[in-house]
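Novice:
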Amino acid sequence: MNRRRFLTTAAAATSAVCATGPTTFAATAPRAVAATAPRARTASDTALLRTWFKSTYRSITAMTTDFGLTADKIDASRPGTPVPSPQTSPTNIGCGMWSTVAAAGLGVISPSLMHDRLARTVAAVERLERAHGFWFNWYDAHDGSVLTTWPENGDPVRPFLSTVDNAWLVTGLKIAADADPALRPRIARLLDKADWSYFYTPYDPADPVAGPGQLRGGYWPDKPGNGEPTGFHYGALNTEPRMASYLGIADGSLPTDHYWHLSRTLLPGMGQEQQPEGSYVTVDGVRVWQGHYTYRGRKLVPTWGGSMFEALMVPLFVPEAEWSPKSWGTTHRRYVRSQIEHGLMEEKYGYWGFSPANIPEGGYREYGVDAIGMQQDGYNSLAVVTPHASFLALPQAPDEAIANLEALARDFDAYDDHYGFRDSVNVTTGRISDSVLALDQGMIAAALAQHLHPGLLQRPFRTAGFRSRVQPLLDKEHFSI
């Protein structure tokens with residue numbers, strides 16, 4: 001279930017940018033186009049969202065093993081208590097931690113229970129094998145051992161250090177340290193070894209293809225020396241890996257100009273979803289192509305594949321829209337509107353929200369709106385709606401998001417009181433996923449926390465290096481939209 005190799009198929013093009021600076025429902029599901037139309041918000045919305053948070057958090061606790069790690073997923077379709085999957089990742093573990101902090105902040109659990117749960121997870125993380133200060137991509141959730149074979153089929157797993165997955169674990173640890181002062185010294189010792197320059201290839205003006213000033217996708221550390229790097233860098237700015245970029249810039253392990261070496265779009269003439277418009281600007285001595293796409297008359301900065309969580313997972317934590325309202329704030333708002341119009345007007349599904357998730361029939365794949373992603377063979381919606389995408393849209397379109405989720409719950413039984421929303425719904429066949437994933441439930445929990453208690457999970461990303469190093473970059477950002 002390798003969900004994040006956004007740039008594998010475009011490694012050369014990405015680097016080149018820097019050279020210039022089974023429950024089956026009815027055969028045909030309802031197509032309630034009006035179901036997600038804006039409606040007046042009511043006093044009951046808060047109660048409804050709190051109910052959704054509680055069931056979502058129950059899924060997180062159901063996925064968390066006695067060892068203290070939040071597993072990758074559970075099957076919520078079977079009767080009885082679900083069994084957590086054998087595997088977990090750094091992202092899953094981070095999701096578990098920030099969901100627990102959110103639960104305490106919303107009064108769902110007590111501060112003492114939050115401490116107990118966080119302390120157990122921190123103790124488990126302290127026992128995990130690491131390399132170069134970072135965590136491997138897959139562990140056994142029940143004993144913390146590094147996975148070398150995939151539990152579901154026995155295929156070999158080569159231990160890997162993922163840039164983006166480590167970013168989400170570090171995010172969870174920072175949120176835990178902010179919420180629980182008793183854990184700060186232990187978490188500080190864990191984070192002290194995580195130096196983001198390990199993943200960074202410095203900018204080389206003499207050879208910007210080899211030295212793009214970007215982060216590698218990761219490393220296989222089983223090779224002598226620093227290990228074997230991926231053949232690609234994370235070059236697209238408006239994608240999930242920018243959390244690693246922000247973390248490294250904030251702690252000083254990455255230079256601030258790294259931000260300007262990331263691509264708003266690929267350059268005109270390069271193979272991409274559409275030919276961008278825009279212009280070159282020079283910021284902090286870096287020549288930047290400030291390109292944009294246009295979708296349904298709307299200018300925006302595309303993601304790599306066109307999915308929701310690429311664009312909107314990071315601002316759950318880093319206040320991009322607040323620090324850069326005319327650039328990040330505008331493109332986030334237009335991105336959500338594009339997802340809504342794709343589902344309701346362009347495809348006429350009657351529902352919207354497309355992001356990587358479990359396939360309703362089993363397996364995992366990326367879903368998105370192809371036209372707002374740079375990849376030529378980008379992510380398609382395929383009539384599969386992913387509830388976490390609507391939760392991510394709460395800051396930009398709260399009425400539409402709540403209405404869309406209510407419709408998915410009503411029309412497909414995509415929600416249950418025990419474990420929240422299932423991972424995905426095929427709105428043509430009516431098939432809902434059997435599973436819930438820690439990543440997607442973690443995004444839902446964070447989005448609900450931000451909506452119900454603004455800033456609750458953002459505190460560690462508003463101070464120190466985020467305030468002094470990241471905020472000035474976002475203040476200088478002027479997308480050509």
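Each residue of the sequence shown is one higher than the last, beginning at 1 in this note's numbering.
Glycine is no exception: its CB is placed at the ideal position from the N, C-alpha and C atoms.
Per DSSP, which one or two residues make a beta bridge with residue 140?
Specialist: Numbered from 1 along the sequence shown, position 140 holds the residue referred to as residue 140. Its beta-bridge partners are 87.
Novice: Under 8 Å between the Cβ atoms of residue 323 and residue 475?
Specialist: Here residue 323 is taken as the residue at index 323 of the sequence shown, counted from 1. Here residue 475 is taken as the residue at index 475 of the sequence shown, counted from 1. Yes. Within cutoff.
Novice: Starting from residue 56, trace the alpha helix (DSSP H) in both directions and tell me its first and last residue.
Specialist: The residue labelled residue 56 in the question sits at position 56 within the sequence shown. Run containing residue 56: 44-63, per the alpha helix (DSSP H) assignment.
Novice: Let me know the secondary structure DSSP gives residue 307 once reduced to three states.
Specialist: Sequence index remark: in the sequence shown, residue 307 carries index 307 (1-based). Note: residue 307 maps to coil in three-state DSSP.
Novice: With 16 other CB atoms within 10 Å as the buried threshold, where does residue 471 fall?
Specialist: Counting from 1 along the sequence shown, the entry for residue 471 is found at position 471. Residue 471 is buried by the Cβ-count criterion.
Novice: Per DSSP, which residues does residue 358 bridge with? Please list them.
Specialist: By 1-based counting over the sequence shown, the position of residue 358 is 358. Answer is 364.
Novice: State the beta-bridge partners of residue 289 as determined by DSSP.
Specialist: Against the sequence shown, residue 289 aligns to sequence position 289. Beta-bridge pairing links residue 289 to 280.
Novice: Tell me residue 295's beta-bridge partners as DSSP assigns them.
Specialist: Translated into positions along the sequence shown, residue 295 becomes position 295. 298, per the DSSP bridge assignment.
Novice: Within 10 angstroms of the Cβ of residue 44, are there 16 or more other Cβ atoms? Answer buried if so, exposed if not.
Specialist: Here residue 44 refers to the residue found at position 44 of the sequence shown. Looking at its Cβ environment, which holds fewer than 16 other Cβ atoms inside 10 Å, residue 44 is exposed.
Novice: Please return the same chain residues whose Cβ sits closer than 6 Å to the Cβ of residue 248, not counting the five positions on each side in sequence.
Specialist: As a position in the sequence shown, residue 248 is number 248, starting the count at 1. Answer for residue 248: 196, 254, listed in chain order.
Novice: Return the chain-ordered list of same chain residues with a C-beta closer than 6 Å to the C-beta of residue 168, the five sequence neighbours on each side being excluded.
Specialist: Against the sequence shown, residue 168 aligns to sequence position 168. The answer, listed in chain order, is 91, 94.
Novice: Tell me the residue span of the alpha helix (DSSP H) that contains residue 450.
Specialist: Against the sequence shown, residue 450 aligns to sequence position 450. Counting along the chain, the alpha helix (DSSP H) containing residue 450 begins and ends at 438-452.
Novice: Quick one: grab the DSSP three-state call for residue 153.
Specialist: Against the sequence shown, residue 153 aligns to sequence position 153. Three-state DSSP puts residue 153 in coil, outside helix and strand.
Novice: Return the Cβ separation of residue 426 and residue 353 in integer angstroms, given the expectation that the two are a contact with Cβ distance under 8 Å.
Specialist: The count along the sequence shown starts at 1 and reaches residue 426 at position 426. The count along the sequence shown starts at 1 and reaches residue 353 at position 353. Wrong, their Cβ atoms sit about 13 Å apart, outside the cutoff.
Novice: Is the beta carbon of residue 186 closer than 8 Å to that of residue 126?
Specialist: In the sequence shown, the residue the question calls residue 126 occupies position 126. In the sequence shown, the residue the question calls residue 186 occupies position 186. Going by C-beta atoms, residue 126 is nearer than 8 Å to residue 186.
Novice: Give the C-beta separation of residue 436 and residue 74 to the nearest angstrom, bearing in mind that I take them to be a contact with Cβ-Cβ under 8 Å.
Specialist: Within the sequence shown, residue 436 is the residue found at index 436, counting from 1. Within the sequence shown, residue 74 is the residue found at index 74, counting from 1. About 6 Å; that satisfies the 8 Å criterion.
Novice: Using CA atoms only, rank isn't needed, just tell me which of 419, 241, 100, 306 is closest to residue 389.
Specialist: Indexing the sequence shown from 1 puts residue 389 at position 389. Among 419, 241, 100, 306, the Cα nearest to that of residue 389 is on 306.
Novice: Could you give the uninterrupted runs of the beta strand (DSSP E) lying entirely in the region 384-445, keeping only those of 3 residues or more?
Specialist: List check, beta strand (DSSP E) in window: 435-437.
Novice: Among 396, 157, 113, 428, whose alpha-carbon lies nearest the alpha-carbon of residue 320?
Specialist: Within the sequence shown, numbered from 1, the residue matching residue 320 stands at position 320. Ranking the options by Cα distance to residue 320, first place goes to 396.
Novice: Which same chain residues, not among the five before or five after residue 332, have their C-beta less than 8 Å away from its C-beta?
Specialist: The sequence position of residue 332 within the sequence shown is 332, counting from 1. Excluding sequence neighbours, residue 332 sits near 311, 312, 315, 320, 321, 395, 396.
Novice: Beta carbon of residue 135, beta carbon of residue 147: below 8 Å?
Specialist: Taking the sequence shown and counting its residues from 1, one reaches residue 135 at position 135. Taking the sequence shown and counting its residues from 1, one reaches residue 147 at position 147. The answer is no: Cβ separation not under 8 Å.
Novice: According to DSSP, which residues form a beta bridge with residue 130?
Specialist: For this step, residue 130 is matched to residue 130 along the sequence shown. Answer by DSSP bridge pairing, in chain order: 135.
Novice: Residue 373 bridges to which residues according to DSSP?
Specialist: The residue labelled residue 373 in the question sits at position 373 within the sequence shown. Beta-bridge pairing links residue 373 to 303.
Novice: Among residues of its own chain, excluding the 5 on either side of residue 59, which ones have a beta-carbon nearer than 6 Å to its beta-carbon?
Specialist: What you label residue 59 is simply residue 59 of the sequence shown in a count that begins at 1. Here the set comprises 419, 420, 436, 441.
Novice: Is the region 268-283 touching the region 359-377 in the sense that three or more CB pairs, one from each, lie closer than 8 Å?
Specialist: As far as the Cβ criterion goes, the region 359-377 touches the region 268-283, which means the pair count is three or higher.
Novice: For a test of the three-state rule: what should DSSP assign to residue 73, helix, strand or coil?
Specialist: Taking the sequence shown and counting its residues from 1, one reaches residue 73 at position 73. Strand.
Novice: Taking Cβ to Cβ, would you say residue 262 is nearer than 8 Å to residue 237?
Specialist: Taking the sequence shown and counting its residues from 1, the one referred to as residue 262 is at position 262. Taking the sequence shown and counting its residues from 1, the one referred to as residue 237 is at position 237. Yes, these two residues count as a Cβ contact at 8 Å.
Novice: Let me know if residue 72 comes out buried or exposed under the rule of 16 or more other beta-carbons within 10 Å of its beta-carbon.
Specialist: By 1-based counting over the sequence shown, the position of residue 72 is 72. Burial call: buried.
Novice: In angstroms, rounded to a whole number, what distance separates the CA positions of residue 473 and residue 466?
Specialist: Here the question's residue 473 lines up with position 473 in the sequence shown. Here the question's residue 466 lines up with position 466 in the sequence shown. Roughly 10 Å separates the two Cα atoms.
Novice: Are the beta-carbon atoms belonging to residue 317 and residue 443 less than 8 Å from one another?
Specialist: For the purposes of this step, residue 317 is identified with residue 317 of the sequence shown, where counting begins at 1. For the purposes of this step, residue 443 is identified with residue 443 of the sequence shown, where counting begins at 1. No. Outside cutoff.
Novice: Give me the Cβ distance between residue 114 and residue 104, rounded to the nearest whole Å; I'm assuming they're in contact under 8 Å.
Specialist: Against the sequence shown, residue 114 aligns to sequence position 114. Against the sequence shown, residue 104 aligns to sequence position 104. About 4 Å separates the two Cβ atoms, so the contact holds.
Novice: According to the neighbour-count rule (16 or more other Cβ atoms, all chains shown, within 10 Å of its Cβ), is residue 100 buried or exposed?
Specialist: If you number the sequence shown from 1, residue 100 lands on position 100. Label assigned to residue 100: buried.
Novice: In this structure, does DSSP put residue 101 in helix, strand or coil?
Specialist: Counting from 1 along the sequence shown, the entry for residue 101 is found at position 101. Helix.
Novice: In whole angstroms, what separates the C-alpha of residue 392 from that of residue 87?
Specialist: Position 392 of the sequence shown, counted from the start, is the residue given in the question as residue 392. Position 87 of the sequence shown, counted from the start, is the residue given in the question as residue 87. Answer to the nearest angstrom: the Cα atoms are 25 Å apart.
Novice: Identify the continuous beta strand (DSSP E) that holds residue 220 and give its terminal residues.
Specialist: Your numbering for residue 220 matches position 220 in the sequence shown. That run of the beta strand (DSSP E) goes 218-220.
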